[in-house]
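Enquirer: So that we are looking at the same thing, I have put the structure below in C-alpha cells.
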Amino acid sequence: DRMDINWRPKWRPSFELVGATNSAFVHEFYSIKVDNWYRVNWRCEIKTDIVQSMDLKEFPIDLQDLTIKYRLRHSIREAAIVPFTVGNFKSEDALSLVDLSHAELELPDYRLFNKAPFCGTMEDEIYFGRDCSTVTVQLNYAREPMYYVMNIVSIEMALLFVNLGAWALKIGPTGGRYIFDLIVILTELNFRGMINDKLPEISYLTIIDKYLLACFFLKMAAFAFHCAQISVPMFAGREADSAAGVAFAVGLVAIHLVFFLYAIRLRRLRETQIKAQCEAARSTANNRHNRRMSMALYDSDALVTGTDEGDKIPPPVAEVQGVQVGIVGISAEALSALNIDAEEIEGATSNEATLMTPPT
1029 DRMDINWRPK WRPSFELVGA TNSAFVHEFY SIKVDNWYRV NWRCEIKTDI VQSMDLKEFP
1089 IDLQDLTIKY RLRHSIREAA IVPFTVGNFK SEDALSLVDL SHAELELPDY RLFNKAPFCG
1149 TMEDEIYFGR DCSTVTVQLN YAREPMYYVM NIVSIEMALL FVNLGAWALK IGPTGGRYIF
1209 DLIVILTELN FRGMINDKLP EISYLTIIDK YLLACFFLKM AAFAFHCAQI SVPMFAGREA
1269 DSAAGVAFAV GLVAIHLVFF LYAIRLRRLR ETQIKAQCEA ARSTANNRHN RRMSMALYDS
1329 DALVTGTDEG DKIPPPVAEV QGVQVGIVGI SAEALSALNI DAEEIEGATS NEATLMTPPT
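Take any residue in the sequence shown, note its place counting from 1, add 1028, and you have its number in the working numbering.
Structure below.
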C-alpha cells in the first residue's frame, strides 16, 4: 500500500556513495502488512557521477573495473546492509548483495566481461570512529577493440605493404625509391595527426602506441637504406638489396606477430587478475553470510532459552537490503592536473531500507 505523502518517519538511513558528485535523488515510502505488523519500506534512487582513474596500458584491448562504494553512515548496531532475501533468513533464500536484473549495462564501446561481469563485497569500515556497513560493487568491462583494429591497425599494415613495394622500383637516384619512402612517411605522419583525437591523452605508452612506433621505425629504416644505396655502392648491389627487402618483409610480419602475442599475454594476465578478485569477493561474501546465519540462529536460541541479552551483540534496528546498480555511460577524459586518464561513470543506484512498526 502507498502511504500518506505527508507522513515522515522519525528515522531513515543516512548513506553515501564514495566519490560521487552531481547526485540527484528520488525516493518514496510504502508499507507492506506482514502478519500483525506493518513493514515500512523506503526506496531511494540516486543518479550520480563517479570519477575514477583508468589503467590504459592494454588499450585498446583493456579491461576496466568500475568500482561503486555504497556506505551507511550508521553504526552496525543501528543499521546494517544485508543481502536481498525471501522469507526467513535461510541460506537457500539469500540472494546477492547486488541486483543487476533491471540494469542497462551494455555500452557502445564496452561490454561486460563475460567470465566475471561483476562482484560485490560487504565489509564493516570505520567511519568517524564507528563501524559502518559498506558494499563495494565492481563492474568489469571489456572494451570493444574492432573499431581500432579496422581504422588504425589495418591502415598501418596497408602502409607497410605499400612501403614494401619500393623494392619494385629501380635502384639508384633515378629510381625514386627514397622519394617513394618519403611519401609513405609523410602519409604516416598525416595519419597519426588524424587519429590523435581517437587515442587517450596520457603520459605513458599503450599497446597501440608501441605498435605505431614500431611500424614508423621500420619505415624509417627502409628510407635510410634507400638513401644509403645512392652514396654507398656496396648497398646498391642486388644481393644487398634483396637481403634488405627480405629483412623488411620479415620485420613487417614479426611486428604484427610479436604484438599479437604480447597483447594476448597481457589480456590473459588481466583476465586472471579480474577473476581472482571476483573469487576473493565471492569467498568473503560467503564467509560473512555464514557468520551472519550463525548469529541469527544464536539470537533465536537466546530468545527461547532466556540467555542474557547483555552477553551478545544486539541485532541492528534496521536493515538495508542490497544495492541495485545501473550504468548509463562511461566517458574518458584527461585530468591535466594529475596527468592521468579518468573514467566518469554516470549511473543509477538504489537502496531499500526496511523498518518494522506495530499496527496502527
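Where is the CB? At the ideal position from N, CA and C, for every residue including glycine.
#1: Can you pull the DSSP bridge partners for H1055?
#2: Looking at L1192: is its Cβ nearer than 7 Å to the Cβ of F1276?
#3: According to DSSP, is F1156 helix, strand or coil?
#4: Going by DSSP in three states, G1221 sits in which element: helix, strand or coil?
#5: Report the start-end ranges of each alpha helix (DSSP H) in the stretch 1139 to 1193 that is 4 residues or longer and not cut off at the edges.
#6: With 16 other CB atoms within 10 Å as the buried threshold, where does P1342 fall?
#7: Cα-Cα, which of L1167, I1074, K1038 and M1262 is closest to L1045?
#8: Just the C-alpha distance for E1216 and G1200, rounded to the nearest angstrom, thanks.
#9: Quick check: is the beta carbon of W1195 nearer than 7 Å to any beta carbon in chain D?
#10: For D1269, collect the residues of the same chain with a Cβ closer than 8 Å to its Cβ; drop the 5 residues on either side in sequence, then sort them by chain order.
#11: Suppose you measure from the CA of S1359 to the CA of Y1206; what does that come to, to the nearest Å?
#12: Here's the rule I'm using: 16 or more other beta-carbon atoms within 10 Å means buried, otherwise exposed. How should K1247 be labelled?
#13: DSSP puts L1045 in a beta bridge; with which residues?
#14: Applying the 10 Å Cβ sphere with the 16-neighbour rule, what's the burial state of E1086?
#15: Mark W1039 as exposed unless 16 or more other C-beta atoms lie within 10 angstroms of its C-beta, in which case mark it buried.
#16: Quick one, are the C-beta atoms of C1160 and E1151 less than 7 Å apart?
#17: Starting from I1104, trace the beta strand (DSSP E) both ways and give me its first and last residue.
#18: In whole angstroms, what is the alpha-carbon distance linking L1188 and V1181?
#19: At the level of alpha carbons, what is the spacing between Y1290 and E1267?
#20: Considering just the uninterrupted stretch of the alpha helix (DSSP H) at L1241, what are its terminal residues?
#21: Taking the straight line between their C-alpha atoms, what separation do you get for V1110 and I1104?
#22: Should D1225 be labelled buried (16 or more other beta-carbon atoms within 10 Å of its own) or exposed?
#23: How would you call I1236, buried or exposed, if buried means at least 16 neighbouring beta carbons within 10 angstroms?
#24: Closest to V1079 by C-alpha separation, out of L1094, R1067 and I1089, would be which residue?
#25: What are the residues that DSSP puts in a beta bridge with Q1305?
#26: Go ahead and pull the three-state DSSP assignment for Y1206.
#27: Is the CB-CB distance between F1100 and F1141 below 7 Å?
#28: What does the Cβ neighbour count give for T1164, buried or exposed, with the cut at 16 atoms within 10 Å?
#29: In this structure, how does DSSP classify N1034 when only helix, strand and coil are distinguished?
Expert: By the coordinates alone:
#1: C1072
#2: yes
#3: coil
#4: helix
#5: 1182 to 1192
#6: Per-residue confidence for P1342 stands at a pLDDT of 47, beneath the threshold of 50, marking its modelled position as unreliable; the derived number appears in the next sentence. Result: exposed.
#7: I1074
#8: 24 Å
#9: In the structure shown, chain D does not exist; there is a single protein chain.
#10: W1195, I1199, Q1257 and F1263
#11: Note on S1359: pLDDT 41, under 50, position unreliable in the model; no value is reported.
#12: buried
#13: Y1098
#14: buried
#15: exposed
#16: no
#17: Here I1104 belongs to no beta strand (DSSP E), and DSSP marks it neither H nor E.
#18: 11 Å
#19: 34 Å
#20: I1235 to S1259
#21: 11 Å
#22: exposed
#23: buried
#24: L1094
#25: Note: Q1305 sits in no beta bridge, so no partner.
#26: helix
#27: According to the sequence as given, residue 1100 is Leu; it is not Phe. Cβ distance not < 7 Å, so L1100 and F1141 don't count as in contact.
#28: buried
#29: coil
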